[in-house]
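> These protein sequences, in sequence, are chains R and A.
Counting the first sequence from 1 gives a position; the working numbering is that position plus 1.
Counting the second sequence from 1 gives a position; the working numbering is that position plus 1.
The beta carbon of each residue, even a glycine, is placed where N, CA and C say it ideally should be.
Bear in mind the structure is a predicted one, so any value in this text is a computation, not a measurement.
Let me begin by handing over the structure; questions about it come next.
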Amino acid sequence: MIHRECGVLKTTYEADMALYPLPIARRAVGAVAALFFLVLPFSVHEYYLSIVNLVSIAVVGALGLNILVGYTGQISIGHGAFMSVGAYTAANFATRLHWPFWLSLPLGGLMAALVGAVVGIPSLRIKGLYLAIATLAGQLIIEWTINHVTWISGGVQASIEVPRPRLGGFEIASQREMYFFLLIFVVVAITGTLNLVRSRVGRAFVAIRDHDIAAELTGINIFRYKLTAFAISSFYAGITGVLYTYYLGIANYEQFQIVTSIDYLAMIIIGGLGSVLGSIFGAIFVTLLPILIRYAMEAFGGLVLSPQAVLNTIPNLRLILFGALIVFFLVVEPEGLNRLWRNIRNYFRLWPFAY
Amino acid sequence: MVDWQFFALLLSNGVLIGLMYSLIALGFVLVYKATDAINFAQGEFVMIAGFLVAVALGAYGAPLWLAVALALAVMIAFGFGLERVMLRPLIGRPIVAVIMATIGLAAILRGFGPLMWGAETKPLPLPIPDEPIVWGPFFIPPIQLLGAGVSLLFLAIFGWFFLRSRQGIAMRAVADSQQVAMAMGVNVERYFALAWAMTGIVSALGGLIWGNLLGVDVHLALVGFKVFPVVILGGLDSIPGAIIGGLIVGIVENVAAGYIDPWVGGGTKDFAPYVLMILALMIRPYGIFGKQIIERV
């Protein structure tokens, strides 16, 4: 395949800085876009589209967390809480002031960014384990606050029903309409992250991750960039929370507990830290895992267990497999699925020759 | 009830519960002190040990001493095995990797316990009376007294171990600098394994006592969340810190729950220690007794 890279001569700075410099890459991206915009939504059943929708939401969140953990090297066990901040902000604006989604959605994101930056303030003084515990505290405190302040959470159940998102006179109701709605956000999130990490800000993030003292010596304002990373990452998380709320039709804190934070951390570790493609792989993998386990157990579990026992084992099996995968990838393949993908690609780049 | 009596009751309760937190925090401190690894699965260790004792007692009708011996043996073996399989390949990797690996381990254990032994809450009966001991204004449940006693005993044993015994001194050397310890002829890997085995012992006892108090099911692992405020307040690598941190957390959460819960409708117990911890992180991140090695960048 290497011959496809031949004859690509860059004569302008714009060509050199293009996101996809190779014609084959541009065509591949075009093909993928066509697949997702034209082929997929009209060829599969609504049920499968609903799974794709869940993956789309997870992709946005995983990209955000990867900016913070993968690119900037700061850890956060509080992303579930940032999502709930976005979700409840948007739900309150949507139900109390009847604002449309295109106002409440960015407001949810901005509020999450604000809260995320506040939780990130300790990152000035502490890092590693201490930061992990501080963000864990942030998660628990935000969860508690939302749960106990009825002004935010709207009553005893701590859940707020939101109306369907409307665009002009058009209401987004079916899974297929929701699919296009979410796909737009996925495309924006991916493009945004790809461009962010090669900008001045993104390179500052990577410098902080690789060596914070060296980064400070080269004139990077560490505090500002760490807070920026927290804010951008939480903004993504907030948007994820709002999207999930609109997808479910209800804002509920149970969807954003510490388990969610760990799910998203697992996504970026399994997918690959510090890589956009890895976040996408991880989001797909972690979202599909419980669904696949359920299918497998329904198909084969009945052979050895009673139907009730099958139902009981599914959540536990999911936890075990999930934890085992995190440990496996950390110990054996720290760069995640993205690395496996790169290995495959590099093999075929020179195929059929060995070198 | 008179005001000061209420306060005294909350205080005594807090002291006893706090000492029981110290026992679990001790498991965390032991590992951190010797290997610089962070164990986010401490609560799950306690849960697994609780399951072992409860199932041996309930389903197999084993005598108590046998059940406890079994739990101790399994937890020690588990500690050794874990160090070998999971922690050793992670030596020298970024701290985030170790944190995430133990979070993954926590997920495995939380799925494994109910899968093996059933999700329902199991009792863990101990041959001690249920009626609280009434002494002046204090009502003291015997299990809390036992827990606090065991906790103090083990804190003393491990304190002695680190200060006086040959192995303890070697372990401190390993914690200080692995390379220098190795050059002085200390078998670093063996001490890493030993530290994890010691955490296994402490977790087994924690499981016994907390399992009796709360009953054994998945929620027993939530006790692990209290470890972080305790160790941050006391200092991550300090055994006296585990006692002091445990006492502070126990007292603060009980007093806060007693006075604030009626207004907000519960949950202060899970909330107050973390607020305290955030304050501690901002003012004195290395804790009351911890080593002052926080870098500022």
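Can you find a C-beta in chain R that's less than 8 Å from the C-beta of MET48(A)?
No, no contact with chain R.
> Could you tell me how far apart the beta carbons of VAL224(A) and GLY28(A) are, in whole angstroms, since I believe they sit closer than 8 Å?
Actually they are not in contact, since the Cβ atoms of VAL224(A) and GLY28(A) sit about 11 Å apart, beyond 8 Å.
> How would you list, in chain order, the residues of chain R whose beta-carbon sits under 7 Å from the beta-carbon of PRO115(A)?
Neighbours of PRO115(A) on chain R, chain order: ASN317.
> Return no unless some Cβ of chain A is closer than 8 Å to the Cβ of ASN253(R).
Closer than 8 Å: no.
> In whole angstroms, what separates the C-alpha of SER77(R) from that of SER307(R)?
Roughly 41 Å separates the two Cα atoms.
> In chain A, which residues lie less than 9 Å from HIS99(R) when you measure between Cβ atoms?
Simply none; closest approach about 30 Å.
> Enumerate, from N- to C-terminal direction, the unbroken alpha helix (DSSP H) stretches of 4 or more residues contained entirely within the stretch 231-297 of chain R.
Correct list: 259-272.
> Under a three-way DSSP split, which group does TRP136(A) fall into?
Residue state, collapsed to three classes: strand.
> At least one CB of chain R closer than 8 Å to the CB of PRO263(A): is that the case?
No, no contact with chain R.
> My guess is that VAL54(A) and GLY212(A) are in contact by the Cβ rule of under 8 Å, so how many angstroms apart are they, rounded?
Confirmed, Cβ separation roughly 6 Å.
> In whole angstroms, what separates the C-alpha of PRO90(A) from that of ILE100(A)?
The alpha-carbon atoms of PRO90(A) and ILE100(A) are separated by roughly 14 Å.
> Cα-Cα, which of PRO263(A), GLY242(A), TYR260(A), PRO230(A) is closest to LEU277(A)?
Ranking the options by Cα distance to LEU277(A), first place goes to PRO230(A).
> Mark MET199(A) as exposed unless 16 or more other C-beta atoms lie within 10 angstroms of its C-beta, in which case mark it buried.
It is buried - the Cβ of MET199(A) has at least 16 other Cβ atoms within 10 Å.
> State the Cα-Cα distance for the pair ALA174(R) and ARG165(R), rounded to the nearest angstrom.
ALA174(R) and ARG165(R): Cα-Cα distance of roughly 7 Å.
> Give the residues from the stretch 209-227 of chain R that approach chain A closer than 8 Å (Cβ to any Cβ), ordered along the chain.
Those residues of the stretch 209-227 of chain R that come within reach of chain A (Cβ to Cβ, closer than 8 Å) are ASP213, ILE214, GLU217, ILE223.
> Could you tell me whether the Cβ atoms of GLY148(A) and ILE210(A) are closer together than 8 Å?
Going by C-beta atoms, GLY148(A) is nearer than 8 Å to ILE210(A).
> Indicate whether at least one CB of chain R lies closer than 8 Å to the CB of PHE79(A).
No, because no Cβ of chain R sits closer than 8 Å to the Cβ of PHE79(A).
> Helix, strand or coil: how does DSSP classify ILE279(A) here?
The answer is helix: DSSP assigns ILE279(A) an H, G or I state.
> Considering ILE161(R), what are the terminal residues of the beta strand (DSSP E) in which it resides?
Element bounds for ILE161(R): 160-162.
> Determine the chain R residues that contact ARG111(A) at a beta-carbon separation under 9 Å, and present them in chain order.
Within chain R, the residues near ARG111(A) are ASN317, LEU320, ILE321, GLY324.
> Could you check the C-alpha separation between GLY279(R) and SER262(R) for me, to the nearest Å?
The alpha-carbon atoms of GLY279(R) and SER262(R) are separated by roughly 17 Å.
> Taking DSSP's pairing of strands, which residues face ILE141(A) in a bridge?
DSSP lists ILE134(A) as partners of ILE141(A).
> Using the beta-carbon of each residue, which ones in chain R are nearer than 8 Å to ALA98(A)?
Under the 8 Å cutoff, chain R gives LEU331, PRO335.
> Pull the bridge partners of GLU172(R) from the DSSP assignment, please.
Answer is ARG167(R), bridged to GLU172(R).
> Assuming the contact rule is C-beta atoms closer than 8 Å, GLY239(R) and ALA325(R) should be a hit. Round their C-beta distance to whole Å, please.
About 31 Å separates the two Cβ atoms, so there is no contact after all.
> Might you give, ordered along the chain, the residues of its own chain that have their beta carbon closer than 7 Å to the beta carbon of LEU338(R), omitting 5 neighbours on each side?
Counting only Cβ-Cβ distances below 7 Å, and skipping sequence neighbours, we find ILE271, GLY272, GLY273, GLY279, PHE282, GLY283, PHE286.
> Counting only C-beta atoms, is ASN313(R) closer than 8 Å to chain A at any point?
Interface residue, yes.
> Just the C-alpha distance for SER160(R) and SER57(R), rounded to the nearest angstrom, thanks.
Cα to Cα, the separation comes out at about 23 Å.
> In chain A, what lies closer than 8 Å to LEU266(R) by C-beta?
Result: MET101, ILE104.
> Looking only at its chain, what residues have a beta carbon closer than 7 Å to the beta carbon of ARG27(R), apart from the 5 residues adjacent to it on each side?
Closer than 7 Å at Cβ, skipping near neighbours: TYR21.
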